[in-house]
Amino acid sequence: MYAVYAAAIVSGLLVTPIVIHSIGKQAFGVWSFIGAVTIYLSILDFGVGPSIIRFAAEARGRKADDDLNAIASTGLVMYALIGLVTLPIGIALAFAVPALIGAPHGLVWDARITTLLVVAALAIRFPLGLFNNLLVAQQRWDLQNLANFVATVLYAALIAILMPRWGGLILLGVLTFGTTALRLVVPLFWLRRELPGLRLARRYVSRERFRALATFSSSNFLVHIAQKIVFSTDVIVVSVVLGAAASGVYSIPAKLFALVFGIGTAVTSLMFPAFAELEGAGDRARQRRLLLAGLRAGTALMLVLALPLLLIPDLLIRAWIGAGYRGSYSVLAILAGVLLVHQPIYVLTQFLIARGRQRVIAIVSIAITAVNLVLSFLLAWAWGLWGVALATLVTDLAMLAWVVPRIAAPAAGTSSAALFRATLRPAVPALAVAAVVLVGVARWWHPHTLIALAPLGALWVVVAAAAIWRVGLAADERAQFGREFWRRPSAVVAVADV
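In terms of numbering that gives the first Met the number 0, the sequence shown opens at residue 0 and continues consecutively.
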């Protein structure tokens with residue numbers, strides 16, 4: 000797992016400047032717009048993926064193998080139906096993208112072909128994703144980590160080798176499709192060994208099972224829509240209101256945001272099948288302890304990742320991309336605040352879905368998302384780039400303030416104060432170290448390149464992690480996390496003993 004995070008960080012820092020310098024700011028804005036628009040096709044999953052993980056993990060907790068076969072067989076039928084819908088929509092979208100962003104004449108067909116390639120990469124996730132979700136329910140995250148590591152390293156290497164010489168939107172689309180397919184196929188080599196009793200058959204599919212999975216998935220679908228809109232619409236809003244060039248500027252902090260968000264939530268995603276398995280076993284006490292430990296650990300990790308974005312956004316962007324992107328500094332700082340607020344929301348959402356409270360969190364998510372969308376357009380017109388980011392921060396704060404006392408605390412059988420304390424405890428040592436390293440040392444040092452910034456980053460990570468480890472976590476948590484780090488980091492059920 001830890002190699003995956005390192006690869007993701009290096010890849011994220013390496014790929015974006017190479018792409019920008021290879022294709023130019025305007026084409027990069029088109030590429031970012033394609034990614035932001037096509038990602039909405041992933042909502043055609045209709046929430047089936049998280050539902051399969053939840054029910055399969057719950058069946059594992061109950062040791063019900065026949066239920067697992069029924070879930071897998073029904074899920075495959077649902078994904079077959081979804082696949083019939085995805086490609087026609089993708090083709091229509093491919094022809095609409097150039098007009099939506101106002102792409103230059105020379106980029107129109109490149110944008111269309113690239114959109115089709117990205118759509119194809121999303122479409123293959125549906126059938127292959129079924130088996131990956133079954134492995135996740137077994138808590139075999141290490142298999143996905145292996146696939147992600149290989150695909151991430153290969154993608155970055157191919158970008159570095161091919162883009163400076165043959166760079167273009169279509170090449171980006173080809174590389175995206177190829178590495179996505181690789182990421183999905185690699186874990187399948189372990190499927191038979193991990194699930195020897197898995198059987199896919201028509202007899203396992205029934206109307207009752209289809210209805211149960213579809214009903215649960217519908218709420219997950221709403222949560223999924225809300226997340227995609229909140230974190231993918233910003234670039235679209237900027238493109239529509241302010242144009243392709245502004246979209247290119249906004250996309251730079253958005254890329255850093257997406258990188259940190261992916262790394263930070265990847266760790267806490269490990270808890271979802273554990274929550275569901277404990278739900279199936281009826282062990283509420285361990286489930287509650289896992290929630291509190293997950294809030295602390297998740298916030299601790301996000302503080303280490305996000306505070307540099309909040310406190311030295313100008314140094315990061317200049318060292319990473321170069322000068323000329325001053326408008327992105329304030330955007331990155333605001334998006335860093337979004338990361339810190341959304342991390343506990345993400346953990347609590349997984350907990351509530353595992354507990355079967357998906358409908359209420361779905362309703363809240365959709366309501367907050369609607370407000371965010373309206374506010375994003377209003378603030379984009381009023382204040383420009385940073386107004387779009389501010390809309391996301393404000394609505395995320397509102398959601399956290401609502402969810403904790405009214406939904407999460409009652410579902411966990413604990414108090415709102417306990418949940419907030421678990422979330423905020425790592426913040427004190429992290430902020431103390433940040434004041435010295437990120438405000439004091441960084442401003443005195445003032446590095447101008449990534450190479451010069453690397454020692455500062457290493458200093459921050461080591462000192463902040465040590466302070467959070469010692470002060471931000473309880474003694475029994477330190478002991479348990481230490482054992483799990485060296486023994487089997489992909490399995491998180493044991494953390495529930497904390």
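Ideal Cβ placement from N, Cα and C applies to all residues, glycine included. Note that this is a predicted model, so its numbers are computed, not measured.
Cut-off 7 Å between Cβ atoms - residues of its own chain near residue i, not counting five sequence neighbours on either side
i    : result
T413 : R287
N219 : G46, P49, S50, I352 and Q357
L145 : V185
I100 : V29, F32, S238 and A243
M520 : This structure gives no information on residue 520, because the portion of the chain shown stretches from 0 to 497.
T394 : I367, V370, N371 and L374
L43  : I81, V84 and T85
A26  : L106 and L168
E193 : L134, Q137 and R139
V432 : V462, A463 and A466
Chain-order list of residues whose beta-carbon lies under 6 Å from that of residue i (same chain, five-residue window excluded)
i    : result
I235 : A35
F256 : L334
T179 : A120
T439 : It should be noted that the sequence gives Gly, not Thr, for residue 439. Excluding residues within five positions, none has a Cβ falling inside 6 Å.
L498 : Not covered by the structure: residue 498. The range shown for the chain is 0 to 497.
R191 : none
I224 : I42
V461 : none
G247 : K24, F27 and G28
V403 : S415 and L418
Where residue i falls, given that 16 or more other Cβ within 10 Å makes a residue buried
i    : result
G321 : exposed
V18  : buried
F125 : buried
I316 : buried
L170 : buried
G263 : buried
W341 : One point to set straight first is that residue 341 is His, not Trp, in the sequence displayed. That one is buried.
E207 : exposed
R424 : buried
W319 : buried
A495 : For A495, the predicted structure reports a pLDDT of 29, less than 50, and the residue's modelled location is therefore unreliable. A value from the coordinates is still provided. So A495 counts as buried.
I311 : buried
A400 : exposed
R295 : buried
V497 : Residue confidence is low: V497 scores 28 on pLDDT, short of 50, so the model does not pin down where it sits. Its coordinate-derived value is still stated next. Buried, since its Cβ has 16 or more Cβ neighbours within 10 Å.
A305 : buried
W165 : exposed
Own chain partners of residue i with C-beta closer than 8 Å, once the 5 adjacent residues on each side are dropped
i    : result
A408 : S414, S415, A417 and L418
A200 : N68 and S72
G196 : D64, L67 and N68
W485 : With a pLDDT of only 47 at W485, under the threshold of 50, the placement of this residue in the model should not be trusted; the figure read from the coordinates follows. Taken in chain order, the list of residues that qualify is empty.
For residue i, the three-state DSSP class (helix, strand or coil)
i    : result
D65  : helix
H20  : helix
Y78  : helix
Y154 : helix
Q143 : helix
P195 : coil
Q138 : coil
D282 : coil
E483 : The pLDDT assigned to E483 is 46, lower than 50, so where the model puts this residue is not dependable; a value taken from the coordinates is nonetheless given after this. In this structure, E483 counts as helix in the three-state DSSP scheme.
A429 : helix
F260 : helix
T85  : helix
H445 : coil
I311 : coil
P126 : helix
T114 : helix
P49  : helix
G121 : According to the sequence shown, residue 121 is Leu rather than Gly. In this structure, L121 counts as helix in the three-state DSSP scheme.
P404 : helix
I38  : helix
Y203 : helix
A493 : Confidence in A493 is poor, its pLDDT being 31 and thus under 50, which makes the residue's placement too unreliable to answer from.
A466 : helix
Y324 : coil
P103 : coil
Supposed close pair residue i, residue j - CB separation, criterion 8 Å
i    : j    : result
T151 : I33  : Rounded, the Cβ-Cβ distance is 20 Å, inconsistent with contact.
F376 : V240 : 7 Å
M162 : S329 : With 8 Å as the limit, M162 and S329 do not qualify as a contact, their Cβ atoms being about 29 Å apart.
L430 : W444 : Not really, about 20 Å apart at Cβ, beyond 8 Å.
P272 : I52  : 6 Å
R61  : G279 : 5 Å
A381 : V387 : A381 to V387, Cβ: 10 Å. No contact.
Below-7 Å beta-carbon distance, residue i vs any chain E residue
i    : result
A265 : This model lacks chain E altogether; it includes just one protein chain.
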